[in-house]
Amino acid sequence: MWLTDSRLIKVLFLLLLMMAMGLARAEGTAAGTRINNTVQVSFQVGDSPDSIHTETASHDFIVSELIRSNVSSLNPEGVAVPAPAQDVILTFELTNTGNGEETFMLSTDDMQSEFSAEITAMWIESNGEPGLQDDDTLYSEGVELQADQSVTVYVVGTIPPDQEHEAEAGVLLTATAATPGAGQLSIGEAIPPEQNNGVEAVVAQNNASANDSGVYIVSGIQLDVRKEVVSVRDPYQGNLVMPGSEITYQITVGASGKGTAQDLKVSDPSPASMSYKQNSLLLNEQVLSDRADDDKGYFDEQSDTVWFEPGTVVAPAIYQYKLTYVVD
0 MWLTDSRLIK VLFLLLLMMA MGLARAEGTA AGTRINNTVQ VSFQVGDSPD SIHTETASHD
60 FIVSELIRSN VSSLNPEGVA VPAPAQDVIL TFELTNTGNG EETFMLSTDD MQSEFSAEIT
120 AMWIESNGEP GLQDDDTLYS EGVELQADQS VTVYVVGTIP PDQEHEAEAG VLLTATAATP
180 GAGQLSIGEA IPPEQNNGVE AVVAQNNASA NDSGVYIVSG IQLDVRKEVV SVRDPYQGNL
240 VMPGSEITYQ ITVGASGKGT AQDLKVSDPS PASMSYKQNS LLLNEQVLSD RADDDKGYFD
300 EQSDTVWFEP GTVVAPAIYQ YKLTYVVD
């Protein structure tokens, strides 16, 4: 039984619609892409091979923009901080999980925890080096991301003084799509093409926003260790580095916050091409012996290492050690 022309056309468009629906579900197709579907049917009427007919039907549509993002904390266990403290950092990742270019506005909110941290700035990773540096980008008015692009966001805060050990301050980072009108829509609602450069935009999250939280956790004690050269003396009473020159280092151990650190030990192996100068150990300008005795500093000849062992440290406290090496 042959199909009439009208029935044939209906079948063609039904097949076309099914194909279009399948393509519309494909993930990753860029917003604004025009997709054309064409179906062709050939048939013969009667017994004559010359009576072959071909019918085609086609339809095209434009892929809608999907507005969607993801925010995730890169410090899921929280960040330990002293109190008070400045320029302490929570790190997040923002990803454009939609299928079109989108600008996202960033904001922070206090999570109503045990205390509130003051957020002083947000920075966007831009120099390719992990961690916040001065040449990263200070956030001002939106982050523009291509589809599937991610950026690292640094949230910088200040911790007020007089906080209890293990007190927490939660910070919520929210990214909201900057497309006009998107922030007032619910999941599944759309911005019509005439309001979005000719492409329908579908919101995949309430208010076109995503968020995640990070937390500052007050640690009872924070330790900071620094080592620096404080003097160079060569054999000719100058300050050049040459064989026989004496290089004096200062190691500063600072304990801040509140609380106690136990069994604190600092080791300093002799640098390559240098030898420890005997009886050069100082603690806060007081002489320490090279022996392992009760002054808590000594030189171990077997391992060629200087050890400082203050043991129990109660914050706040500062220990300044000095020692001298001779260039071989």
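For the sequence shown, numbering that gives the first Met the number 0 assigns the number 0 to the initial residue and increments by one for each residue that follows. We put the CB at the ideal spot given by N, CA and C, even for glycine. None of the values given here were measured: they were computed from a predicted structure.
Determine the contact status of A177 and F91, defining contact as a CB-CB distance below 8 angstroms. no
So what does DSSP say about G253, is it helix, strand or coil? strand
Give a yes or no on whether the C-beta atoms belonging to P83 and I158 are separated by under 8 angstroms. yes
Taking Y324 as the reference, which of Q236, Y275 and S218 has the closest Cα? Y275
CB of G213 within 8 angstroms of CB of L89, strictly: yes
Scan the segment 75-102 and note each continuous beta strand (DSSP E) run of 3 residues or more that stays entirely inside, going in chain order. 78-80 and 84-95
Please state the DSSP three-state secondary structure of N126. coil
Go ahead and label Q183 buried or exposed: buried means 16 or more other beta carbons lie within 10 angstroms of its beta carbon, across all protein chains shown. exposed
Would you identify the three-state DSSP class for P159, choosing helix, strand or coil? coil
Unbroken beta strand (DSSP E) run spanning I34, endpoints: R33 to Q43
Rank G99, N283 and T259 by C-alpha distance to the C-alpha of I250 and give the top, closest one. N283
Indicate whether the contact test is met: 3 or more Cβ pairs, each with one atom in the segment 150-157 and one in the segment 122-139, closer than 8 angstroms. yes
Would you report the Cα separation of K257 and S266, rounded to the nearest angstrom? 24 angstroms
Which residue from S139, V286, S71 and V170 puts its Cα closest to that of I118? V170
Measuring alpha carbon to alpha carbon, tell me which of S255, V231 and L73 ends up nearest S244. V231
Enumerate in chain order the residues of its own chain whose CB-to-CB distance from N74 is below 7 angstroms, with the five nearest sequence positions on each side excluded. L89, T90 and G213
Cα-Cα separation between N126 and D108, rounded to whole angstroms: 27 angstroms
With a threshold of 6 angstroms on Cβ separation, who are the neighbours of V224 within its own chain once the five nearest residues in sequence on each side are excluded? V252
Just grab the DSSP bridge partners of Q319 for me. T251
Ignoring anything shorter than 3 residues or poking outside the segment 206-265, list the beta strand (DSSP E) runs there in chain order. 208-217, 220-232 and 245-256
Within this structure, are the beta carbons of V202 and E188 separated by less than 8 angstroms? yes
Distance check for N278 and S288, CA to CA, integer angstroms please. 6 angstroms
Helix, strand or coil at G187 [DSSP, three-state]: coil
Kindly give me the distance between the Cβ atoms of D147 and L172, rounded to whole angstroms, as I take these residues to be in contact under 8 angstroms. Not confirmed; about 20 angstroms, so no contact.
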